[in-house]
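**Student:**
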Amino acid sequence: MSILGLKKKQPKTFKVKVITMDAEMEFSCEVKWKGKDLFDLVCRTVGLRETWFFGLRYTVKDTYAWLKPEKRVLDQEVPKDSPITFHFLAKFFPEKVEEELVQEITQHLFFLQVKKQILDEEIFCSPEASVLLASYAVQAKYGDYDPNFHKPGFLAQDELLPKRVLMQYQMTADMWEEKITAWYAEHRGIARDEAEMEYLKIAQDLEMYGVSYFAITQNKRDTDLLLGVDAQGLHIYSPNSKLNPNKSFPWSGIRNISYSEKEFTIKPLDKKKDVFKFYSSQLRVNKLILQLCIGNHDLFMRRRKVDSIEVQQMKAQAKEEKARKKMERQILAREKQMREEAERAKEEMERRLFQLQDEARLANEALLRSEETADLLAEKAQIAEEEAKLLAHKAAEAEQERQRLEVTAMKTKEEKRLMEQKMREAEQLAGKLVEQSERRLKEADHLKQDLTEAKDAERRAKQKLLEITKTTYPLIAAYSTPPAPPEPADIAYEAASMNSRLDFKDSDMKRLSMEIERERLEYMEKSKHLQDQLKELKSEIESLKLEEQQQQASLYSLHSEARGYVQEPVYIPHSNRNSAYMSQMAFFEEV
């Protein structure tokens, strides 16, 4: 009993699940914990020191609320679930992110939240700005662009653009990826925290950045309006336009904000300006509006004061941390560059090694081939030597045959010369015979003409003699004394002389005819003998042609064998060489 009494009572606890932008955490909280206790636990777990921007948000019916730090957790309108779910989010936004966000974790949480709001279309962003922001988001996630590693399609699983932008243009996912990659490639050398900061610097210029919107009505005309609360002040919007406010109340121009149940009153610093009143139908929303107004106004005033010692220390530490990380990045970049150079050198050495190995392999193969070629060439040289000897022997035989053929050719040339001489003599003889024949023919024609003339003269003489004898003797008998009759001896002498003249002419004609016949017979015999000689000469020329062709064919075959190959003999016509002989033969045949 005493031992049990000594044991301490275990405090009652409840389960809490906190969801940040990149993690989920579960805690066991004591029942007496206030909102500040749970918030500080989450900040310590995350490593966050810039706590004034953040809060724990939970859902209440159809709206949301922020966990109040001064009240117990279970005393607030938190869900009764187990575990109770809270979202660790940025409650207030800085005016200038580059100057106010000190810690890297703060930048990262803001980056993730703003990125989600843009993708969920809670913050309007133009297509061009969406592509640029997406390129910085890719740089923050993947680092420097490497075309060898970041192949087409590497962004297929990432949500980078609002659906409104994707539906606005008829472009495929590959086309959007190409546009984003073109910007992404230009961000080389930018670290993750720098890329996230560049993202936030672009996003803070968007009209809906950091604005919390609430539905309100104006007291007089009961017109539906929108109230926007951000780091700059309060803004009144038309229900259909969240980009351009109809009226704005900067924090520097507001003297007081108050509300009574559903009525809000904004009192300007300038007393000449009218007080602006509006209404909100839900009390919970009114409390939320007032809470956001107080928090944003406090931060607005805080920014215009000197930083506290804690903030100065944080900024100094952040500056040192940034300088250290910058140096580390530089060292890492140098090491990376040196490693890349070493890898390139290694790759070059490996490539050179492979190249040298290939060259060595090729050289070995070439050496083997050269050895095989040398052996083959040696065999070929031996065969060539034997063939050379054989060819030399054949060449000697061919030379002997050539000399023999030259001698034969010389004999053939001599025979040709003799034949040509005989042909020339035959031509001369034929010419003489032709001249003699023509002369004999002319003489025969003259003799025939003389014979015809002699016959005509004889016939005329006989006729004249008859005429004289007929006319003379009657006249003598009529007019004169008849002479004494001639003596029989005179008459006989005269008749004998006439007959002798006639006989002489006949004997000459016969003798001339016999001589012509004899010369014709001799001419015929000579012509026949000449034709026989021409036939013999023609046969000898034909035999000489055949011998010459055989000699040329044998010389060609010997020459081909001496050069190492055999070729069919080619017939070379001798029409040009023997055309003179054939023309002479034709002439003799005509003769």
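Okay, so the sequence shown: first residue is 1481 according to the numbering used here, each after it adds one. Beta carbons are placed, not taken as given, at the ideal position from N, Cα and C, and that holds for glycine.
1. In terms of alpha-carbon separation, which member of I1789, E1881, W1731 and K1860 lies closest to K1747?
2. So, at 7 Å on beta carbons, what are the nonlocal neighbours of A1958 in its own chain, with the 5 sequence-adjacent residues on each side left out?
3. Within the region 1691 to 1742, note down every full alpha helix (DSSP H) run reaching 4 residues or more, in order along the chain.
4. Taking 7 Å as the line, does the beta carbon of L1833 fall inside it for any heavy atom of the ligand ZN?
5. Pick out whichever of S1508, L1581, M1505 and V1498 has its Cα sitting closest to the Cα of L1547.
6. Relative to the C-alpha of K1752, which residue among I1734, E1743 and K1742 is closest?
7. Below 8 Å on the Cβ atoms is my contact criterion, and I expect Y1759 with A1675 to pass it. Report the Cβ-Cβ distance as a whole number of Å.
8. Could you give the C-beta distance for K1514 and P1549, rounded to a whole number, given that I count them as a contact under 8 Å?
9. Mapping DSSP to helix, strand and coil, what is C1509?
10. Can A1683 and V1594 be called in contact, C-beta distance under 8 Å?
11. By DSSP, does T1652 sit in helix, in strand, or in coil?
12. Using the Cβ count rule (16 or more neighbours within 10 Å means buried), how would you classify D1750?
13. Measuring alpha carbon to alpha carbon, tell me which of Y1664, E1687 and E1886 ends up nearest E1601.
14. Where does the unbroken alpha helix (DSSP H) through G1775 begin, and where does it stop?
15. Please name the residue in R1537, R1991, G1669 and K2025 whose C-alpha comes closest to that of A1813.
16. Since R1524 is in the alpha helix (DSSP H), which residue starts that stretch and which ends it?
17. Between the alpha carbons of L1982 and K1950, how many angstroms are there, rounded?
18. In terms of residue numbering, what span does the alpha helix (DSSP H) encompassing L1599 cover?
19. Find out if the Cβ-Cβ distance for the pair L2024, K1902 is shorter than 8 Å.
20. Expressed to the nearest angstrom, what Euclidean distance is found between the alpha-carbon atoms of N1736 and A1620?
21. Am I right that L1680 and V1577 are in contact with their C-beta atoms under 8 Å? What's the rounded C-beta distance?
22. Please state whether the Cβ-Cβ distance between F1568 and F1604 is less than 8 Å.
23. In this structure, does DSSP put V1786 in helix, strand or coil?
24. Counting along the chain, where does the beta strand (DSSP E) carrying K1497 start and finish?
25. Since G1708 and P1719 are thought to touch, with beta carbons under 8 Å apart, how far apart are those beta carbons, to the nearest angstrom?
26. What did DSSP end up calling L1913 once you bin it into helix, strand or coil?
27. Pull the bridge partners of A1941 from the DSSP assignment, please.
28. Could you check how far apart the C-beta atoms of A1711 and E1579 are, in whole angstroms? I think they sit under 8 Å.
29. For R1904, count the other beta carbons within 10 Å of its own beta carbon; 16 or more makes it buried, fewer makes it exposed. Which is it?
30. Just curious, the alpha helix (DSSP H) that K1757 is in, first and last residue?
31. Decide if E1657 is buried, meaning its Cβ has at least 16 other Cβ atoms within 10 Å, or exposed.
32. Per DSSP, V1540 forms a beta bridge with which residues?
33. Are the CB atoms of I1436 and V1691 nearer to each other than 8 Å?
34. Are the beta-carbon atoms belonging to Y1693 and L1705 less than 8 Å from one another?
35. Under a Cβ-count criterion, where at least 16 other Cβ atoms within 10 Å of its own Cβ denotes burial, should L1581 be classed as buried or exposed?
36. With 16 other CB atoms within 10 Å as the buried threshold, where does N1628 fall?
**Tutor:** Looking at the coordinates:
1. Taking the first residue of the sequence shown as position 1, residue 1747 is located at position 267. Ranked by how close their Cα comes to the Cα of K1747, the residues I1789, E1881, W1731 and K1860 have W1731 in first place.
2. For the purposes of this step, residue 1958 is identified with residue 478 of the sequence shown, where counting begins at 1. Residue placement at A1958 cannot be trusted, given a pLDDT of 45 that sits under 50; what the coordinates show is reported in the next sentence. Cβ within range, chain order: n/a, list empty.
3. Complete alpha helix (DSSP H) runs here, min 4: none at all.
4. Among the components of this structure there are no ligands whatsoever, and the ligand ZN is therefore not found.
5. Within the sequence shown, the letter at position 67 stands for residue 1547. The shortest Cα separation from L1547 among S1508, L1581, M1505 and V1498 belongs to V1498.
6. Numbered from its first residue, the sequence shown carries residue 1752 at position 272. Of I1734, E1743 and K1742, the residue nearest in Cα terms is I1734.
7. Along the sequence shown, one-based indexing puts residue 1759 at 279. Along the sequence shown, one-based indexing puts residue 1675 at 195. That pair is no contact at about 44 Å.
8. For the purposes of this step, residue 1514 is taken as the residue at position 34 of the sequence shown. For the purposes of this step, residue 1549 is taken as the residue at position 69 of the sequence shown. 7 Å between Cβ atoms; contact.
9. In the sequence shown, counting from the first residue as 1, residue 1509 sits at position 29. If DSSP states are grouped into helix, strand and coil, C1509 belongs with the strands.
10. By one-based count along the sequence shown, residue 1683 stands at place 203. By one-based count along the sequence shown, residue 1594 stands at place 114. In contact: A1683 and V1594 (Cβ atoms closer than 8 Å).
11. The count along the sequence shown starts at 1 and reaches residue 1652 at position 172. The answer is coil: DSSP assigns T1652 none of H, G, I, E or B.
12. Position 270 of the sequence shown, counted from the first residue, corresponds to residue 1750. Label assigned to D1750: exposed.
13. Start at 1 with the first residue of the sequence shown, and residue 1601 comes out as number 121. Each of Y1664, E1687 and E1886 was checked against the Cα of E1601, and the nearest Cα belongs to E1687.
14. Sequence index remark: in the sequence shown, residue 1775 carries index 295 (1-based). Note, G1775: alpha helix (DSSP H), L1763 to R1783.
15. In the sequence shown, counting from the first residue as 1, residue 1813 sits at position 333. Comparing Cα-Cα distances from A1813 to each of R1537, R1991, G1669 and K2025, the minimum goes to G1669.
16. As a working mapping, residue 1524 is identified with position 44 in the sequence shown. Where R1524 is concerned, the enclosing alpha helix (DSSP H) stretches over G1515 to V1526.
17. Working through the sequence shown from its first residue, we reach residue 1982 at position 502. Working through the sequence shown from its first residue, we reach residue 1950 at position 470. Since pLDDT at L1982 reaches only 46, below the 50 mark, its modelled position is unreliable, and no value is offered.
18. Here the question's residue 1599 lines up with position 119 in the sequence shown. Residue range E1584 to L1599 is occupied by the alpha helix (DSSP H) that includes L1599.
19. As a position in the sequence shown, residue 2024 is number 544, starting the count at 1. As a position in the sequence shown, residue 1902 is number 422, starting the count at 1. With respect to K1902, L2024 sits apart: the two C-beta atoms are not nearer than 8 Å.
20. Here residue 1736 corresponds to residue number 256 of the sequence shown, with the count starting at 1. Here residue 1620 corresponds to residue number 140 of the sequence shown, with the count starting at 1. C-alpha of N1736 to C-alpha of A1620: approximately 42 Å in a straight line.
21. Counting from one through the sequence shown, the residue named residue 1680 turns up at place 200. Counting from one through the sequence shown, the residue named residue 1577 turns up at place 97. Confirmed, about 4 Å.
22. Locating residue 1568 in the sequence shown gives position 88, counting from the first residue. Locating residue 1604 in the sequence shown gives position 124, counting from the first residue. The criterion of a C-beta distance shorter than 8 Å is not satisfied by F1568 and F1604.
23. Against the sequence shown, residue 1786 aligns to sequence position 306. Here V1786 sits in coil by DSSP.
24. For the purposes of this step, residue 1497 is taken as the residue at position 17 of the sequence shown. In the DSSP assignment, K1497 falls within the beta strand (DSSP E) that extends over T1493 to I1499.
25. Stepping through the sequence shown from its first residue, residue 1708 is reached at position 228. Stepping through the sequence shown from its first residue, residue 1719 is reached at position 239. No, G1708 and P1719 are not in contact; Cβ-Cβ is about 12 Å, not under 8 Å.
26. Taking the first residue of the sequence shown as position 1, residue 1913 is located at position 433. L1913 falls in the helix class under three-state DSSP.
27. Here residue 1941 refers to the residue found at position 461 of the sequence shown. In DSSP, A1941 forms no bridge with anything.
28. Start at 1 with the first residue of the sequence shown, and residue 1711 comes out as number 231. Start at 1 with the first residue of the sequence shown, and residue 1579 comes out as number 99. A Cβ-Cβ separation of about 12 Å leaves A1711 out of contact with E1579 under the 8 Å criterion.
29. Indexing the sequence shown from 1 puts residue 1904 at position 424. R1904 counts as exposed, since fewer than 16 other beta carbons sit within 10 angstroms of its beta carbon.
30. In the sequence shown, residue 1757 corresponds to position 277, counting from 1. Judged by DSSP secondary structure, K1757 falls outside any alpha helix (DSSP H) and instead within the beta strand (DSSP E) spanning F1756 to Y1759.
31. Against the sequence shown, residue 1657 aligns to sequence position 177. It counts as buried.
32. Here residue 1540 refers to the residue found at position 60 of the sequence shown. Its beta-bridge partners are T1543.
33. Outside the displayed span of the chain (1481 to 2071) sits residue 1436, for which this structure offers no information.
34. As a working note, residue 1693 is residue 213 in the sequence shown. As a working note, residue 1705 is residue 225 in the sequence shown. No, Cβ-Cβ distance for Y1693 and L1705 is not below 8 Å.
35. Here residue 1581 refers to the residue found at position 101 of the sequence shown. By the 16-neighbour rule on beta-carbons within 10 angstroms, L1581 is buried.
36. Translated into the one-based positions of the sequence shown, residue 1628 becomes position 148. Per the 10 Å Cβ criterion, exposed.
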